[in-house]
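Structure, as structure tokens:
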Amino acid sequence: MAKTYRLISADSHINEPPDLWTSRVRAKFKDRAPRIDRLEKGDAWIMEGSSTPINFGNNANGGLPPEQRSAWVRFEEIRRGGYDPKVRLEEQAQDGVEAEVLYPTPRVSHNVLANNADREFHLDCIRAYNDWLSEYASFAPDRLLGIALMPTTGVSDAAAELTRAMALPGLRGALIGRYPNGSLEPKPEDEGFYARAAELGIPLHVHVSLAAVMSDDDPERKKAGARGELRHLDASLRTYEVICSGVFDRHPKLDFVFAEVDCGWIPYVKEQFDNRFHRRSPNDRPPIANPPSHYFDHNIATTYVTDTFGIGHRHNIGVERMMWSSDFPHGGTDWPNSRKQIEADFAGVAAEEKHAILAGNAARIYGLR
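Residue numbers (the numbering used here): 1457 to 1825.
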């Protein structure tokens, strides 16, 4: 008998253990592998491509009051569920969550994704992460839904790793840090990767934004200082680029999830995209078969943590394309009080619509039966 899920977080996170890469990459890469060092202020990831250590306290302090949070912590101080799946199930139960879609730590994964000058080393790091995540998620594959990292070294490498990773237990989708061609610009060659994802029936994901180098002193990071508060900005660009590539006409069943970008912005974007589409000469329109809003309604899904404006405008967004998330164990989570916030946010919402947003849509996209 199929299980009926009541609450699924469509965007939660793991915390990479200190030996994830040092214990898994080939011997010739061990000295270069991402690792955690103990610094005076706290522990931090040391990674090629980042000129500054990468702390992780804010990616593991969910549930603490703001005055007790710090970006700098010791690894042994963080919640064990980020790297211990048995404990993670206990943490889920505390919040009433029955399953989670699991993403990596953004600054860690962004550096792994952006550091692709040495192709062989890059691919080793990607495979190591996906192998570890598979082992973690396999502990309870109906509750821990892993999203695999895709390499940024070109379409062939991305398609090959997609095929390999999706054969591993516990992995339910793929995260792209750049377009499949390896750049931040869409290209026709991306179709080779999209076609493989569609063939496998795998949802694709962008988490907040496509990846740029994330060192603290990198000019792009400073320019994107409001990345959290303005996380919908990159999504509004990328959704348009993906739609105009024509991928959804070629693969109408392909799901593309934009995680942690909220959804209240979508009605405005749908209206403006369609307005421009209809005002153009047919010869000057993007090469797509339908107005852009059609693809928001059928192919693009988004996740949010708290978005009462979006819930209030759910019929303009598309109830079937919205997914709640806890963001646990990051600082933005309401854990372990998510249900209290949910009840306040969903006052007056019909039961079937509430269920779709809280669990049903995620269960459909990730093939939970």
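C-beta: ideal position from N, C-alpha, C; glycine also.
Asked	Found
Cβ-based burial, Ala1682 [other Cβ within 10 Å; buried from 16]	Its pLDDT being 48, under 50, Ala1682 is placed unreliably in this model, and the coordinates cannot settle the point.
Unbroken beta strand (DSSP E) run spanning Trp1501, endpoints	Asp1499 to Ile1502
Whole-angstrom distance between Gly1702 and Ile1744, CA atom to CA atom	5 Å
Start-to-end residues for the alpha helix (DSSP H) that takes in Leu1640	Segment: none, Leu1640 is in no alpha helix (DSSP H) and carries neither H nor E.
Sheet register partners of Asp1493 (DSSP bridge)	Ala1500
Straight-line Cα distance separating Leu1689 from Thr1789	21 Å
Cβ pair Pro1541, Leu1600 closer than 7 Å	yes
Closest Cα partner of Val1529 within the set Met1778, Pro1509, Val1543 and Arg1544	Pro1509
Nearest-angstrom Cα separation, counted from Asp1801 out to Phe1649	38 Å
Residue range of the unbroken beta strand (DSSP E) whose run includes His1663	Leu1660 to His1663
Unbroken alpha helix (DSSP H) run spanning Ala1616, endpoints	Val1611 to Ala1621
Span separating the alpha-carbon of Ser1639 from that of Val1611	10 Å
Inside the segment 1739-1795 only - alpha helix (DSSP H) runs reaching at least 4 residues	1749-1754, 1764-1768 and 1770-1773
Validate contact between the segment 1564-1579 and the segment 1792-1811 using beta carbons, cut 8 Å, 3 pairs	no
Inter-stretch contact at 8 Å, needing at least 3 Cβ pairs: the segment 1779-1786 / the segment 1530-1540	yes
Ile1722: first and last residue of the uninterrupted alpha helix (DSSP H) it sits in	Ile1722 to Arg1735
Where the beta strand (DSSP E) through Ser1465 begins and ends	Ile1464 to His1469
Whole-Å CB distance - Leu1631 paired with Ile1603, under 8 Å assumed	5 Å
Secondary structure of Phe1712, DSSP reduced to three states	strand
Beta-carbon spacing of Asp1467, Pro1792 below 7 Å	no
Rounded C-alpha distance that separates Arg1736 from Thr1762	36 Å
Touching by the beta-carbon criterion (3+ pairs, under 8 Å), the segment 1576-1583 and the segment 1591-1598	no
Ala1803 burial status per 10 Å Cβ neighbour count (16 or more: buried)	exposed
C-alpha gap between Leu1824 and Lys1486, whole angstroms	37 Å
Selection from Tyr1559, Thr1561, Pro1560 and Arg1544 that minimises the alpha carbon distance to Val1832	The structure shown does not extend to residue 1832, since the chain is modelled only from 1457 to 1825, so the question has no answer here.
Beta-carbon proximity of Val1662 to Ser1692, cut-off 7 Å	no
Distance between Arg1491 and Asp1475 (C-alpha atoms, nearest Å)	7 Å
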